[in-house]
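For reference, the structure is listed below as structure tokens.
Numbering (my numbering), first residue to last: 3 to 469.
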């Protein structure tokens, strides 16, 4: 198995919760609710944390089976856990009974880690599970030196477990888990900074996909090995994520595919989705945004704007939807070369579009590279999308008081940021509401920035500066 990489912050948060358990007290038990999309590495991270701790642990993964089957499997796993006094357990007939069994076998003289993976399945198939968990926690489990970790892939269902008005409200610390960072991807693949950003765009930072990236592989080599295999993680992960997130919502998936094809405006999405009614599209977009699957971006300037653009939030789905969603039949028919040719033809234009939000996030995290007073990093565009500024710094979002810098992104394979690119940036900046002509300029390039540009006092930022 590939060495575990990344998750330093999340592991530290779990360690802090475990430390609170170890301090003891009247109620030493602590609960953590981890949510994140499938294949983002939730289970691997938690199991790695439990392994490193060296403490007794119990892991149970729900399978979305009927409650009697889940209860029988729970008792079986508990009996095989190695915890004390588990040899004579009977199969419980309810979750209150099962959780009483768990509390009874937990040692009281030292911490134990208990993991309930895919916990929303248990609540979905037994309406009494949440109340049983709350009662067991209040009456028994929190009295033990226990770190209880609940894991869920369906973000909406996982959030409901801990939201106001639900039985387990305010009993667990919530921990959202996203993909690996670009820096983690760089470490895993051994690529340089620019290629690591490309690898992030393709894999979305999903550990299961990155596990197949052999050291020294280029982007093209990785794609060849993955796209040729109809069962590879790169090929199958997208459909599994869609099925899990939207098991029956056909229209939501249609809208998502329209956005994934490159459409960003309401009208463009409506047309690509088959001309669905505006009210239906608005409802679908609202649902996708609430589920944190789609992001609605607004231009950043000193004036309010309704020029909304929509994009896929999940970095892996940004790749899978335009290239593999419709390519799977060809791959299964042994025509993966046609899919690879399609990726090759569209690569430059596709990368130029989808890399921009990633670069903005990387830049926003590098406070040392930002001018004083910058609290937000966004972009600006006109209603017609005929004028665009890739990078806009401001003191607040979405309507700024002060604009702190402007910048242009030129993420070309082998061409530097040129004087012509700088002239285009200056002309576009003059159109931004609130621009005074005094804000510093930034030239962001995948490779380098021309000396003539640097001579004009422009700040150069490359991939090496960001990763």
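Just so it is clear, CB atoms sit at the ideal spot from N, CA and C, and this is done for glycine as well.
Check	Outcome
Beta carbon of residue 408 nearer than 7 Å to that of residue 389	no
With 16 other Cβ atoms within 10 Å as the buried cut-off, status of residue 209	buried
Reference residue 373; option with closest CA among 350, 405, 348 and 349	405
Minimum C-alpha distance to residue 419 - residue among 439, 88, 103 and 451	451
Beta-bridge pairing of residue 446 - partner residues as DSSP gives them	411 and 463
Distance CB(residue 34)-CB(residue 24) smaller than 7 Å	no
Neighbourhood of residue 443 by C-beta distance below 6 Å, restricted to the same chain and skipping five residues each side	408 and 460
Rounded straight-line distance, which links the Cα of residue 167 to that of residue 36	19 Å
Classification of residue 399 by the beta-carbon crowding that lies within 10 angstroms, buried from 16 upward	exposed
Residue 379: first and last residue of the uninterrupted beta strand (DSSP E) it sits in	378 to 383
Under the three-state DSSP convention, the category residue 60 falls into	strand
Buried versus exposed call for residue 317 [16 or more other C-beta atoms within 10 Å across all chains shown]	buried
Contact with chain B by residue 108, beta-carbon distance below 7 Å	Considering every chain present, this structure includes no chain B. It has just one protein chain.
Within the segment 134 to 168, ranges of the beta strand (DSSP E) (whole runs, at least 3 residues)	148 to 154
CA-to-CA distance, residue 86 to residue 61, given in whole angstroms	15 Å
Under the three-state DSSP convention, the category residue 406 falls into	strand
Residue range of the unbroken alpha helix (DSSP H) whose run includes residue 348	338 to 367
Same chain, Cβ closer than 7 Å to residue 266, five either side skipped, listed in chain order	311, 312 and 313
Pairwise C-alpha distance: residue 97 and residue 130	8 Å
For residue 175, the three-state DSSP class (helix, strand or coil)	strand
Cβ neighbours of residue 253 in the same chain (closer than 6 Å, five flanking residues each side left out)	286
Residue 429 (DSSP reduced to helix, strand or coil)	helix
Beta-carbon gap between residue 38 and residue 179 smaller than 7 Å	yes
Alpha-carbon to alpha-carbon, residue 346 and residue 118	43 Å
Neighbourhood of residue 59 by C-beta, 8 Å cutoff - its chain only, sequence neighbours within 5 removed	52, 83, 114, 115, 116 and 117
Beta-carbon gap between residue 392 and residue 375 smaller than 7 Å	no
The segment 210 to 224 / the segment 235 to 251 touching (three or more Cβ pairs under 8 Å)	yes
Residue nearest to residue 126 in terms of C-alpha spacing, selected from 416, 437, 65 and 279	65
Sequence-distant residues of its chain with Cβ nearer than 6 Å to residue 466 (five each side left out)	195
Nearest neighbour of residue 431, chosen from 421, 417, 447 and 410 [CA to CA]	410
In DSSP terms, what residue 95 is bridged to	In DSSP, residue 95 forms no bridge with anything.
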